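These notes are about the structure you will find just below.
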Amino acid sequence: MTTPKPASRFRKELRDWALTLGAAVAISFLIQNYAFAQVQVQQTSMDNTLQEGQRLVENRFIYRFEQPARGDIVIINGPESDRRLVKRIIGLPGETLDIREGAVWINGERLDEPYVQGMTTLCGAKLPVTVAEDEYFVLGDNRAHSQDSRQLGTISTGSLEGKAVLRLWPVGEFKVLR
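In our numbering, the protein residues as written are 6 to 183.
Structure representation (structure tokens):
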């Protein structure tokens, strides 16, 4: 029985490493683009819940298995805005939404929003509005400094890139997001 030459063992080892690294890079690419991604908060529209510069983990496949829910913090990437936005879902398909007395009203009932900073004003929106099927009404938690459905209109399901599920950075503020 002959032992393999050192050069052929080296080639086999190199090939095995190349295949392993290639598979790892491919899997990482698929997870990053289709399952989970990191997002940096770029604006102050979600103060006090999220601050500018914080890093979040976004679940990109959750809405393939469940419907978006009121209160979800979502990443919006679609034709409604020229930049990615982080907002909270407020109005669901089929609901009639209004803003009065500094608060959001859904189907005639005042919505309890303990996370809101400031008064909710119309900001030029023509309300009340009934949210269409496959669309959502989104608002920032910092209502005085938020570009949201009051200016952009309702957001289509296809523009919901994913749901923010974790705050990673800064480390001292690590938190699972509702």
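All C-beta atoms in this analysis are idealised placements derived from N, C-alpha and C, irrespective of residue type, glycine included. Please read these numbers as outputs of a predicted model, since none were measured by experiment.
Per-residue burial, residue i [other beta carbons within 10 Å of its own, 16 or more giving buried]
i: residue 3; result: Residue 3 is absent from the structure shown; the chain starts at 6 and stops at 183.
i: residue 18; result: exposed
i: residue 148; result: buried
i: residue 168; result: buried
i: residue 165; result: buried
i: residue 134; result: buried
i: residue 155; result: buried
i: residue 32; result: exposed
Assumed close pair residue i, residue j - CB separation to whole angstroms, cut-off 8 Å
i: residue 56; j: residue 46; result: 7 Å
i: residue 51; j: residue 91; result: 6 Å
i: residue 122; j: residue 146; result: 6 Å
i: residue 95; j: residue 143; result: 6 Å
i: residue 86; j: residue 132; result: Incorrect: roughly 20 Å between the Cβ atoms, too far for contact.
Among the options, nearest to residue i - alpha-carbon criterion
i: residue 137; options: 171, 42 and 102; result: 102
i: residue 83; options: 141, 115 and 126; result: 141
i: residue 173; options: 93, 24, 62 and 113; result: 62
i: residue 99; options: 167, 75, 48 and 22; result: 75
- prompt: Just checking, does the segment 62-71 make contact with the segment 104-117 on the three C-beta pairs under 8 Å criterion?
  reply: no
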